[in-house]
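Each remark here refers to the structure printed beneath this line.
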Amino acid sequence: MDEQGNEIPSTPAEYDKETNRVSNQLIEWLEAFIGDREATVYRMVTEIDEKNEFDWEQLYFEIENKVYVLDFYQWG
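For the sequence shown, my numbering begins at 160 and goes up steadily by one.
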């Protein structure tokens with residue numbers, strides 16, 4: 160519970176597949192793009208200790224020896 164007595168969701172909104180339309184649409188597009196082909200997904204994250212630098216993460220996937228960048232996000 161938060162300080163007002165409201166229940167705090169166990170899943171952050173951006174990861175809630177039930178309510179996040181952007182994630183749902185992206186999943187549909189990826190399913191259509193990948194189809195029956197086999198895909199390998201990678202997630203790379205850096206955690207920087209210096210205060211003047213930001214952490215970042217990158218999501219990318221490989222299909223038939225081609226690599227596609229899905230997401231690049233810098234936290235901060």
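Cβ atoms here follow ideal geometry from the backbone N, Cα and C, with glycine treated the same way.
Reference residue i; option with closest CA among the options
i	options	result
Ile222	Gly194, Glu216, Met203, Gly164	Gly194
Phe220	Ser169, Asn165, Phe192, Ser182	Phe192
Bridge partner(s) assigned by DSSP for residue i
i	result
Ala198	Ile222
Cβ neighbours of residue i in the same chain (closer than 7 Å, five flanking residues each side left out)
i	result
Arg202	Glu216, Leu218
Val226	Tyr219
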